[in-house]
Amino acid sequence: PDLHLAPPLENRPYPRGGNLLVNAGLFGGRVYALLEGFFRTVGRDLFDQADAASLYTAMNALAAAVPPGADGLRIEPYLSGSRVDPTRRGVISGVSDTNFTPAHLVRAFLEGMARSYREGYALIEAVLPEPPRHLVGAGNGLRENPLLRGMVADAFGLSLSLPAHAEEAAYGAALVAGVGAGVWPDIPTACRMIRYQEASPHAD
Numbered sequence: 023p024d025l026h027l028a029p030p031l032e033n034r035p036y037p038r039g040g041n042l043l044v045n046a047g048l049f050g051g052r053v054y055a056l057l058e059g060f061f062r063t064v065g066r067d068l069f070d071q072a073d074a075a076s077l078y079t080a081m082n083a084l085a086a087a088v089p090p091g092a093d094g095l096r097i098e099p100y101l102s103g104s105r106v107d108p109t110r111r112g113v114i115s116g117v118s119d120t121n122f123t124p125a126h127l128v129r130a131f132l133e134g135m136a137r138s139y140r141e142g143y144a145l146i147e148a149v150l151p152e153p154p155r156h157l158v159g160a161g162n163g164l165r166e167n168p169l170l171r172g173m174v175a176d177a178f179g180l181s182l183s184l185p186a187h188a189e190e191a192a193y194g195a196a197l198v199a200g201v202g203a204g205v206w207p208d209i210p211t212a213c214r215m216i217r218y219q220e221a222s223p224h225a226d
């Protein structure tokens, strides 16, 4: 059923027919968690701050104070490789005496994540019959980080919405189970149960 074999895209079966094109990156929330862990380690090893609370709020505040483009600092956030090339590693470039700060580092990581999402989607967009009109995000990496949501919306040139409920995968599985149990006649009907909220408008 209309399989588009275009590596590194994956074809995953869609319930009751059809397939999903997926470009699953390894540069999302886990990368940001690694960065938070790095700052936590600095606090522990250099300043004896072993019991520091979560640093995500402070990191986002630092990054928000840096202009877009991070004053030339650029990061490719492939710390764990990619699906196609597990040996690929992250790259930090454009380091200068003016952007070598924690705030610029955080900003550049977030911008690198948003850019990588968009670059990965470009492969899917190339085989679609028409360009996307809606952008929907999922997962705590976007749900808990308004700064990243705005960057992703700008990278795609679309406003970003999130499901009004959390635990999107579990909610979707329940909808599919409901179709199987006869609660709804098909997947499109079940999907009408999903409610969305605009999370980040695209900055024109």
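With this note's numbering applied, the sequence shown has no gaps in its numbers, which climb one by one up to 226 at the end.
Built from N, CA and C at the ideal position, the CB exists for glycine as well.
A contact is defined here as three or more CB-CB pairs under 8 Å, and the segment 37-56 meets this definition with respect to the segment 90-107. Here glutamine 71 is not bridged, per DSSP, to any residue. Taken atom to atom, the span from the alpha-carbon of alanine 87 to that of valine 113 is near 23 Å.
Our two residues, serine 118 and leucine 43, have alpha carbons roughly 39 Å apart in a direct line. Contact check between the segment 131-145 and the segment 155-174: three or more CB pairs, one atom from each, fall below 8 Å, which counts as touching.
Around the CB of histidine 126, 16 or more other CB atoms lie within 10 Å, so the residue is classed as buried. In the DSSP annotation of this structure, the continuous segment of the alpha helix (DSSP H) that includes proline 124 starts and ends at 124-147. With a minimum length of 4 residues, the unbroken runs of alpha helix (DSSP H) contained wholly in the segment 139-201 fall at 162-165 and 168-178. In the structure shown, arginine 62 adopts helical secondary structure according to DSSP, grouped into three states. As computed with DSSP, arginine 96 is found in a beta bridge with Ser115. Of the candidates Ala144, Pro151, Pro207 and Arg217, the residue whose Cα lies closest to the Cα of leucine 31 is Ala144. Contact between glycine 159 and valine 174 holds: their C-beta atoms lie close to 7 Å from each other, under 8 Å.
Leaving aside the five residues that flank leucine 197 on each side, the residues in its chain whose CB is nearer than 8 Å to its CB run, in chain order, Trp206, Ile209, Ala212, Cys213, Met215 and Ile216. No Cβ-Cβ contact shorter than 9 Å links arginine 52 with alanine 92. Here proline 168 has Asn82, Ala221 and Ser222 as same chain residues with Cβ atoms under 8 Å from its own Cβ, once five neighbours each way along the sequence are excluded. Taking C-beta atoms as the reference points, phenylalanine 178 and proline 154 count as a pair closer than 9 Å.
Here valine 205 carries a coil assignment [DSSP, helix/strand/coil].
Residue pairing by DSSP places valine 44 opposite Glu32 in a beta bridge.
Arginine 171 is positioned such that its CB atom lies no closer than 9 Å to that of leucine 180.
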